[in-house]
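> Numbering (the UniProt record's numbering), first residue to last: 1 to 581. For each residue, glycine too, the CB sits at the ideal point set by N, CA and C. Fair warning: this is a prediction, and the values are worked out from it, not measured in the lab. Below are the structure tokens for one structure; questions will follow.
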Amino acid sequence: MEKRITGIGVSPGIAIGKVYLFFKKDIVISKCPCKDVDTEKAKLLEARNKTKEQLIKIRETTAKKVSEEKAEIFDAHITLLEDEDLLEEVNNIITDDKVCAEYALSQGVEVYTKMLSEVEDEYLRERAGDLVDISDRWIRNIQGEDIVDVSNLPKDSIVIARDLTPSDTANLDLENTLAFVTEIGGRTSHTSIMARSLELPAVVGVGNNLKDVENEQIIIVNGNTGSVIVNPTKESIDECLKLKEEFDKKRALLKEYAHKDAISKDGTKIRVYANIGSPADLGGVLKNGADGIGLYRTEFLFMENTDFPTEEEQFKAYKEVAVAMSGHTVTIRTMDIGGDKYLPYLEMPKEENPALGWRALRICLDKTSIIRTQFRALLRASAFGKIKVMLPMIVSIEELRKAKAIFNECKLELMKENIAFNEALELGMMIETPSVVFRAEAFARESDFFSIGTNDLTQYTLASDRGNEKIAAICDPYNPSVLIAIKMAIEGAHASGIIISMCGELAGDLLAVPLLFGLGLDVFSMSAISIPEVKKMIISLDKPECQMLAKRVLSLDTAEEVKAELLRFLEVHEKGGTVSY
1 MEKRITGIGV SPGIAIGKVY LFFKKDIVIS KCPCKDVDTE KAKLLEARNK
51 TKEQLIKIRE TTAKKVSEEK AEIFDAHITL LEDEDLLEEV NNIITDDKVC
101 AEYALSQGVE VYTKMLSEVE DEYLRERAGD LVDISDRWIR NIQGEDIVDV
151 SNLPKDSIVI ARDLTPSDTA NLDLENTLAF VTEIGGRTSH TSIMARSLEL
201 PAVVGVGNNL KDVENEQIII VNGNTGSVIV NPTKESIDEC LKLKEEFDKK
251 RALLKEYAHK DAISKDGTKI RVYANIGSPA DLGGVLKNGA DGIGLYRTEF
301 LFMENTDFPT EEEQFKAYKE VAVAMSGHTV TIRTMDIGGD KYLPYLEMPK
351 EENPALGWRA LRICLDKTSI IRTQFRALLR ASAFGKIKVM LPMIVSIEEL
401 RKAKAIFNEC KLELMKENIA FNEALELGMM IETPSVVFRA EAFARESDFF
451 SIGTNDLTQY TLASDRGNEK IAAICDPYNP SVLIAIKMAI EGAHASGIII
501 SMCGELAGDL LAVPLLFGLG LDVFSMSAIS IPEVKKMIIS LDKPECQMLA
551 KRVLSLDTAE EVKAELLRFL EVHEKGGTVS Y
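Here it is as structure tokens:
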């Protein structure tokens, strides 16, 4: 029987495929007494063997689909798993304490990770994170839980999940994924951002309406409307195929704008850049005619590894992007880990408010070896293209100065080592917090450029978690307070003579483009799929008219009033008319 569900369409496109359920249960480990020591030891060994088989399979898949170099990471995992001293330690806990295998394993791993984290050898210290990752899989196998994996999917899969973390999407089998559907999330959730970056249709925020869905069922996902159809009838499939054909034709027509310059009617040239997560995104960037890259999220390079990527690994990734962009700007953001993005090999404190806690540059200024390695790799890559470096999550001038000092130290090191780099490499910063907006001009005097991250700026300005669907309506970038913050940031940048871009999702929203153009934004950076349509829009605009629109919008009191006014402007504009103010 056909079932129709409505969520939030966050990435355009239409897909028909088969359901692939990706739901991970939280591990629950209790100190349960064991009735038979030998039975628990047998469970431990059997689960270890199963874990080894899984890791070997993952290694083979990684070697085939990614590279042998990446696959070798799992050799270290298998070696740790086969450590007989660890097995003996866990068996002793089972014997001495008369506890179940999973509890004994959790205790044994805790002892070993503590021991590894305290040794002087850096390589051994870093194995502590690997061991935690392995033990998670081992414990799930002891408990008999089916381990759901998204790195090797059946053909034509549509992934259904409660949510997809950045680490999940980093390991996703893109070759066989047609679309995403998640129970939670909004337009600025990481699942949504990733779907747009990958040019995959996506619908989020469907709640528990898919609880009865089963693997292999036929499903239709319409990322344009937010519609999801399970077990569609022949009529629904025919209608979907017709809509898909129309959508694909419209997208093909927009392609003619991809490689045009975004020059408005009054002659103002705007640069339209792309946001990427890895070199794998370059195909979409070049195809859609990006003038440059406004945001390279390097955290995905960290998340797809089981250890901190080396300077050489980072250098190769950054160089690949710089060379591919052939002299066009590539803005690379330093590691933005924390909040909802974590690394299994980096011990993170349990925090009440992780979005306000130890994250991004704060981690790097505490553990300076991380940022030093990244700065060196970025500086070396700058010899091969027009790279800029961008710092995330800054709240004070002191943080900016500390980061700049480390950056300059890395420059001196490379000079002494006779390693080439661009000595004029620009170091800029994200505008994501009200504390920076209030003193934008002061920060601009110490920064080479600004980039507004509207996703975080919105949630910090409005004190609302952008990942919480219950308050999604509050976390609205069209709230007048957020728009005034954007205006202040633009004015602060221009007062100090620096360029300001926007790499948040608002930059690719057609409703916002005339307003942002009127406010004086220099560079728009977005998911590559949005570039042709945004260029088409800018080419049709007149800056003086958009400046009047901006003045009118900033006088309004609510997000709904703002959106209504912007919609009115677009409707009149599309008919060739002019809105008078």
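1. Please classify L567 as buried or exposed, where buried requires at least 16 other C-beta atoms within 10 Å of its C-beta.
2. Going by beta carbon distance, what residues of the same chain come within less than 7 Å of K255, once the five residues before and after it are set aside?
3. According to the neighbour-count rule (16 or more other Cβ atoms, all chains shown, within 10 Å of its Cβ), is V111 buried or exposed?
4. Over the uninterrupted beta strand (DSSP E) stretch that includes E426, give me the two end residues.
5. By Cβ distance, which residues of its chain are closer than 7 Å to A485, with the 5 residues on each side in sequence left out?
6. Thinking C-beta only, is D173 closer than 8 Å to G17?
7. First and last residue of the alpha helix (DSSP H) that includes M526?
8. Taking all protein chains shown into account, decide if G283 is buried (16 or more other Cβ within 10 angstroms of its Cβ) or exposed.
9. Assuming D489 and A440 make a contact with CB atoms under 8 Å, what is their CB distance in whole Å?
10. Pick out the complete alpha helix (DSSP H) segments inside the stretch 361-414, 4 residues or longer, and give them in chain order.
11. Is DSSP giving L210 helix, strand or coil here?
12. When you compare only the Cα positions, how much space is there between N288 and E398?
13. Using the DSSP secondary-structure output, state which residues sit across from K31 in a beta bridge.
14. Counting along the chain, where does the beta strand (DSSP E) carrying L21 start and finish?
15. Are there 16 or more other CB atoms within 10 angstroms of the CB of D85, so buried, or fewer, so exposed?
16. Does at least one heavy atom of the ligand GDP sit under 7 Å from the Cβ of T334?
17. Quick one, which of N176, Y296 and I270 has its alpha-carbon nearest A280's?
18. Mind the definition here: the stretch 92-103 touches the stretch 41-50 only if three or more C-beta pairs lie below 8 Å; say whether that holds.
19. Sort F300, E175, D83 and P154 by Cα distance to I134 and report the nearest one.
20. Going by the beta-carbon positions, is the gap between I5 and V228 smaller than 8 Å?
21. Closer than 8 Å is the cut-off here; do at least three beta carbon pairs connect the stretch 319-333 with the stretch 376-389?
22. Hey, would you say V10 sits closer than 8 Å to I160, going by beta carbons?
23. So, are the CB atoms of T191 and V204 less than 8 Å apart?
24. Quick one: what's got a C-beta closer than 6 Å to F308's C-beta in the same chain, skipping five residues either side?
25. Tell me the rounded alpha-carbon separation between K575 and F569.
26. So what's K269 in DSSP terms, helix, strand or just coil?
27. Locate the alpha helix (DSSP H) running through T79, then write down its first and last residues.
28. For Y345, report the span of its beta strand (DSSP E) as first-last.
29. From what residue to what residue does the beta strand (DSSP E) around L295 run?
30. On the DSSP letters alone, give me the boundaries of the beta strand (DSSP E) that S227 sits inside.
With the given structure in hand:
1. By the beta-carbon neighbour count (other beta carbons within 10 angstroms, threshold 16), L567 is exposed.
2. The answer, listed in chain order, is P532.
3. With fewer than 16 Cβ atoms within 10 Å of its Cβ, V111 is classed as exposed.
4. Taken as a continuous stretch (DSSP letters only), the beta strand (DSSP E) holding E426 covers E426 to I431.
5. Once the five neighbours on either side are set aside, the close Cβ partners of A485 are P434, V437, L457 and T461.
6. No, the Cβ-Cβ distance between G17 and D173 is not below 8 Å.
7. From DSSP, M526 is part of no alpha helix (DSSP H) but of the beta strand (DSSP E) over V523 to S527.
8. Exposed: under 16 other Cβ atoms inside 10 Å.
9. One detail in the question is off: residue 489 reads as Ala in this sequence, not Asp. Their Cβ separation, rounded to whole angstroms, is 5 Å, which keeps A489 and A440 in contact under 8 Å.
10. The alpha helix (DSSP H) runs of length 4 or more contained entirely in the stretch 361-414 are, from start to end of the chain, 361-366 and 368-381.
11. If DSSP states are grouped into helix, strand and coil, L210 belongs with coil.
12. C-alpha of N288 to C-alpha of E398: approximately 39 Å in a straight line.
13. Residue pairing of K31 in beta bridges, as defined by DSSP: absent, with no partner found.
14. Unbroken beta strand (DSSP E) run through L21: I14 to F22.
15. Per the 10 Å Cβ criterion, exposed.
16. Because no ligand of any kind appears in the structure shown, any question about the ligand GDP cannot be addressed here.
17. For A280, the closest alpha carbon among the candidates N176, Y296 and I270 is that of Y296.
18. Enough Cβ pairs lie closer than 8 Å, so yes.
19. The shortest C-alpha separation from I134 is found at D83.
20. Their beta carbons are under 8 Å apart, which means I5 touches V228 by this criterion.
21. Under the three-pair Cβ rule at 8 Å, the stretch 319-333 counts as touching the stretch 376-389.
22. Going by C-beta atoms, V10 is not nearer than 8 Å to I160.
23. Yes. Within cutoff.
24. Excluding positions up to five away in sequence, the list is empty.
25. In a straight line, the C-alpha of K575 is about 10 Å away from that of F569.
26. In the structure shown, K269 falls within a strand segment according to DSSP collapsed to helix, strand and coil.
27. For T79, the uninterrupted alpha helix (DSSP H) run begins and ends at I73 to L81, by DSSP.
28. Annotation: Y345 is outside any beta strand (DSSP E) and is labelled neither H nor E by DSSP.
29. Run containing L295: I293 to R297, per the beta strand (DSSP E) assignment.
30. From DSSP, the beta strand (DSSP E) with S227 extends over S227 to V230.
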